[in-house]
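*Asks:* Okay, so the sequence shown: first residue is 1 according to full-length UniProt numbering, each after it adds one. Note that the Cβ used here is the ideal one computed from N, Cα and C, for glycine as well. Computed from a predicted structure; not experimentally measured.
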Amino acid sequence: MSKHSSPHSKRALPSKEASLFKELLTLYETRQLKKGLKASEQILKKFPEHETLCMKGLVLTHMGKREEGLELVKKGIRLDLTSHICWHVFGLIQKGEKNYEEALKSYAQALRFDKDNLNILRDAAQLQTQLRLFDALVETRHTILRLRPNLRQNWIGLAVAYHLNGNLQEAKDTLEHYQKILKASNVPVGDIEHSETLLYHIRVLEELGEFSDALSLLDTNVKQKFIIDRTAILEARARLLQKLKSDDAEKAWRALIQHNPDCYSYYQGYLSSQNLDLASIFHSFVVGHPSPETLQVLLDFSTQLPKARAPQRLSLTVASGDEFKKLVKSYLFSSLEKGIPSLFADVKALYKDDFKCQTIESIVEDSIKDWNSAPSDSDEPTTYLWTLYFLAQHHSYLGRHERALSVLDTALIHTPTLPELHIFKARVLKRCGDYLGAARCSNDARLLDGQDRFLNTKCGKYLLRAGMVEEANSTLGLFTKKDAASPAADLEDMQSLLYLMEEANAEYRAGRLHLALKKFRAVHKVFSEFGDDQYDFHGYNLRKFIINIYRSLLEWEDTVQSHPAHVASVVATAQIFVAVHDDPSLASAASRSALMTDEEKKAKKKAKKAAQKTQEEAKKAPSQSQNEDKGLEPPALKDDDPDGSKYLRSPDPLELAAKLLNSLQTPASGNIELWFAVYDVSIRRRKFLQAIKALHSARSLNSDHPELHYRIVHLHQTISSLPQSAPNPIGPIISENVQLLFPEGVSPETYNSQYLQQHSASAPAILAAAKVSAQILKAPRDEVEGIIFSAIADGVQLDIKTGLSILLFLTSISSPRMDEFRIACDTKFPLSTAFKTPEEQTQLRQQVLAAGDLGPAQESEDTTVDGSTKS
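#1: Does the structure place the region 207-227 close enough to the region 249-259 that three or more beta carbon pairs sit under 8 angstroms?
#2: I'd like the list of long-range same chain contacts for His-283, defined as Cβ closer than 8 angstroms, with 5 residues on each side in sequence excluded.
#3: Output the distance between the C-alpha atoms of Tyr-535 and Gln-130, rounded to the nearest integer angstrom.
#4: Would you mind giving the Cβ-Cβ distance between Tyr-462 and Ala-426, rounded to the nearest angstrom? I have them listed as a contact below 8 angstroms.
#5: Mind checking who Ser-762 pairs with in its DSSP beta bridge?
#6: If you draw a straight line from the alpha carbon of Ser-552 to that of Ser-373, how long is it in whole angstroms?
#7: Going by DSSP, what residue range makes up the alpha helix (DSSP H) through His-524?
#8: Between residue 872 and Lys-544, what straight-line distance do the alpha-carbon atoms span, to the nearest angstrom?
#9: Does the Cβ of His-696 have 16 or more other Cβ atoms within 10 Å, making it buried, or fewer, making it exposed?
#10: Using a Cβ-Cβ cut-off of 8 angstroms (strictly less than) and excluding sequence neighbours within five positions of Val-187, which residues of its own chain qualify?
#11: From which residue to which residue does the alpha helix (DSSP H) around residue 949 run?
#12: Output needed for Ser-623: all residues of its chain with C-beta closer than 7 angstroms, excluding positions within five of it in sequence on either side, in chain order.
#13: Arg-31 and Asp-629 look like a contact to me (Cβ under 8 angstroms); what is the Cβ gap, rounded to whole Å?
#14: Below 8 angstroms on the Cβ atoms is my contact criterion, and I expect Leu-240 with Glu-207 to pass it. Report the Cβ-Cβ distance as a whole number of Å.
#15: Which residue comes first and which comes last in the alpha helix (DSSP H) that contains Asp-366?
#16: Express the C-alpha separation of Ala-252 and Gln-242 in angstroms, rounding to a whole number.
#17: Could you confirm whether any beta carbon from chain D is found closer than 9 angstroms to the beta carbon of His-259?
#18: In the DSSP assignment, find the alpha helix (DSSP H) that holds Val-347 and state where it starts and stops.
#19: Taking just the CA atoms, how far does Gln-128 sit from Tyr-550?
#20: My assumption, with CB atoms under 8 angstroms, is that Leu-654 sits in contact with Val-678. Please give the rounded CB distance.
#21: I'd like to know if the region 797-815 and the region 839-851 are in contact, where contact means that at least 3 CB-CB pairs between them fall below 8 angstroms.
#22: Nearest to Phe-527 by CA position, among Tyr-389, Ser-569, Glu-470 and Leu-808, is which residue?
#23: Going by C-alpha distance, which of Thr-231, Tyr-266, Phe-211 and Thr-573 is nearest Lys-245?
#24: Give me the Cα-Cα distance between Lys-687 and Pro-780, rounded to the nearest whole angstrom.
#25: If I'm right that Leu-648 touches Val-580 with Cβ under 8 angstroms, what's the distance once you round it to whole angstroms?
#26: Report the rounded CA-to-CA distance for Gly-190 versus Ile-228, giving the unit in angstroms.
#27: Between the alpha carbons of Met-63 and Lys-35, how many angstroms are there, rounded?
#28: Does the distance from the C-beta atom of residue 893 to that of Thr-303 stay below 9 angstroms?
#29: How close, in whole Å, do the beta carbons of Ser-367 and Thr-382 come, if the pair is a contact with beta carbons under 8 angstroms?
#30: May I ask you to verify whether the region 352-367 touches the region 402-409, counting CB pairs closer than 8 angstroms and requiring at least 3?
#31: Does the Cβ-Cβ distance between Tyr-751 and Phe-742 come in under 9 angstroms?
#32: With a 10 Å radius around its C-beta and 16 neighbouring C-beta atoms as the bar for buried, classify Trp-556 as buried or exposed.
#33: Along the chain, which unbroken stretches of the alpha helix (DSSP H) at least 4 residues long are found entirely within the region 692-762?
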């Protein structure tokens, strides 16, 4: 906030009030709110229409009186539209409300009347970066630099602005001017800010392709000890020498390997310097043409660095035949003797080669046989245990779940107290479709160590997979804050995506759409906060000169919306809204079922008590609360939709779904499920061009996808059934694109039959064809059942997920053969409990509950997630 009254204000203040106004600005900057309010009131007694009115509104907003403060700010603007202070204050409040576009407009208005105000310019620059308006950002940074050329961060800010705008040459020129200015001053050796700036300068030169200049700048400043980050120095030197094709590149990469011998990318760089690109290793490995030179280099490194695992592991990728047998045997046994649980995760990439997979299996099984026949006195029992653990992982990965369970049973007899065995048995049972058994085993692991957060989290996750939501919340609650309203509320505050997605999916599978929607909405909120949280870093990183990390942050923020959890939550939300649009009774049914459980009632009562306690404490300390800065962000609104039923009953669900999907079409364009959701929403909104574009995008990703087949037929039937074609120029475009998707002159029945014949061995394709017949072509139920039951024929690839989808489809068409299909799947997947009757599943759930205490009764001297000790 500027320290002077606006020269454009309607009435200039006398000297006394002008001094008081400057004091008011200082009090606001130092957040002495009570004194600032008093000062503003003194001025307004004599000058009630002065811009001080806006300052008073700003102070009141910081004190938590948002509505009163905002009203005063708006009144102040109406009284003086030419005051930069009024517009700046209004922009600050809008920025606090996350309304960045409107805040930037207010700053633009403020700059019209005070174009050289540094505070407003800095705020505007941060908003332009937040909104990715890089052209305007360059102009703003130019102005800031012109006003304050003696501040280093202003030069860096302009260089970064040019860089973000794609003008690397101007960024380079700005940095060179900056370097010339610094030569006139004495920059101390070892200055971190200067070191980071030089590394950024080198990065810009490297991106420009000026490798010689970048290397010269690096060497000069390293000699003068201006660059102090040793790892960054070694990496930059190696990269630049590599790009210059210098003979010294080999030495540079070797120095990096000595610095960190377990970094895979350093070996890749070294091999590239020898014209043995590591990327070609994997290519030659896949097609069976190993590289002897590459293998020898890696073996030499293994000898020189015996404690480094990276060269040994890379050697396994390159080696073949007897050489591979010798190397992998040594690698496996040394790891098993050390008891490395992640060994299988380390080597499973080798399983792409059948020979290597069989070799590893033979070595491990021979080791087990040797131990069982005549265990040596020198062998550690733990080696045998970890070998069994590895072998179980091996069999499960290859789909031999029964053999994996048998090996795990042997291991558990040997050592029943190893949590990893119980956790992996839970994973095998999950892969078999026995989610209740998986929950039981994960709970067995948890009970072995009640203070292990990882085991607790795994148990909670498997309980959610099994549909035991209340038990999962009780279990997860052992490690959440005790003063939180509920474990769910604390986990949501901590932005636990694992919990939010698992509970949302559990509620979705159970048909409780309102509760699922509530959790999916919480996921959307998390990613929205990720975007908002970057705002403060735009200024912080330039002040602290953390420029290289800042560039990485912006790149990450530009792609974070495509995170799998976010995309999955948006797609699921759209699916729920589409279902509610098609059948509004789902929303009313959710409202009737939205009755609180006993646990929810207790949580609500607890939250109410906590709120009352907070209010009482606030009353006891009025002086402190009056001066407390509550910020410009609006307080968290009271959740008036605790079960999500109100959101589910939104008047225009398709509009909400479209808004969510539109924000993802660019960052998540490679996700085919997203395009299916876009089609489902667009076709119901009668946005036919959007629907066609979605199908073209999906087709470019997977032209044989079963869900794509269903939607192509649906589009053809929808367009064909229109009472009249769309007017020009849209009508011909729609007709032309429909013909590109659906062959002209072919009936839907023939098209569906041809698709079924081409994909007769795929259960998802059979399901898609059956859906087309039943829901679009309105075929007789006997005909549809004939199609769907071919999914359990010999030679058809049917998995548990597709089997459950088929069972749900049979339920939707009221098929009398539903139990017949369920029994067939139960026989086909003997280890699964997913196809048991509801009565059988209830009994299995009781067994899980009886197997071990689940919930608060298991509390002990555990530690909570925030690190405090629980009593």
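*Replies:* In short:
#1: Note that the region 249-259 does not touch the region 207-227; fewer than 3 beta-carbon pairs, one per stretch, sit closer than 8 angstroms.
#2: Any reading at His-283 must be qualified, since the residue scores a pLDDT of 45, below 50, and its modelled position is unreliable; the value itself is stated next. None.
#3: So the alpha carbons of these two residues sit roughly 6 angstroms apart.
#4: That belief holds up - the Cβ atoms of Tyr-462 and Ala-426 are roughly 6 angstroms apart, short of 8 angstroms.
#5: Checking the DSSP bridge columns, you'll see Ser-762 partnered with Gln-797.
#6: When rounded, the separation of the alpha-carbon atoms in Ser-552 and Ser-373 is 56 angstroms.
#7: Unbroken alpha helix (DSSP H) run through His-524: 513-533.
#8: Any question about residue 872 goes unanswered here, given that the chain covers just 1 to 871.
#9: By the neighbour-count rule (16 or more Cβ atoms within 10 Å), His-696 is not buried but exposed.
#10: Excluding positions up to five away in sequence, the list reads His-194 and Phe-226.
#11: Because the chain spans 1 through 871 in this model, residue 949 falls outside it and cannot be assessed.
#12: At Ser-623 the pLDDT is 45, less than 50, meaning the model places this residue with poor confidence and gives no usable figure here.
#13: About 5 angstroms separates the two Cβ atoms, so the contact holds.
#14: Rounded, the Cβ-Cβ distance is 12 angstroms, inconsistent with contact.
#15: Annotation for Asp-366: the continuous alpha helix (DSSP H) segment containing it runs 354-373.
#16: Linking Gln-242 to Ala-252 through their CA atoms gives a straight-line distance of about 9 angstroms.
#17: This model lacks chain D altogether, as it is built from one protein chain only.
#18: Note, Val-347: alpha helix (DSSP H), 343-347.
#19: Spanning the two alpha carbons is a distance of roughly 16 angstroms.
#20: Incorrect: roughly 12 angstroms between the Cβ atoms, too far for contact.
#21: Under the 8 angstroms Cβ criterion, the region 797-815 does not count as touching the region 839-851, having fewer than three qualifying pairs.
#22: Comparing Cα-Cα distances from Phe-527 to each of Tyr-389, Ser-569, Glu-470 and Leu-808, the minimum goes to Ser-569.
#23: With respect to the C-alpha of Lys-245, the residue from Thr-231, Tyr-266, Phe-211 and Thr-573 having the closest C-alpha is Phe-211.
#24: Distance between the alpha carbons of Lys-687 and Pro-780: 31 angstroms.
#25: Between Leu-648 and Val-580 the beta-carbon gap is near 6 angstroms, inside 8 angstroms, which marks them as a contact.
#26: Their Cα atoms are separated by approximately 6 angstroms.
#27: Rounded to the nearest angstrom, the two C-alpha atoms are 12 angstroms apart.
#28: What the structure shows of the chain is the stretch from 1 to 871, and residue 893 is not part of that stretch, so it cannot be assessed.
#29: Here Ser-367 is actually not in contact with Thr-382; their C-beta atoms are around 14 angstroms apart, not less than 8 angstroms.
#30: Because the criterion of three Cβ pairs below 8 angstroms is not met, the region 352-367 and the region 402-409 do not touch.
#31: The answer is yes: Cβ separation under 9 angstroms.
#32: If you draw a 10 Å sphere on the C-beta of Trp-556, you find fewer than 16 other C-beta atoms in it, and that means exposed.
#33: Within the region 692-762, the complete alpha helix (DSSP H) runs of at least 4 residues are 706-720, 730-741 and 748-758.
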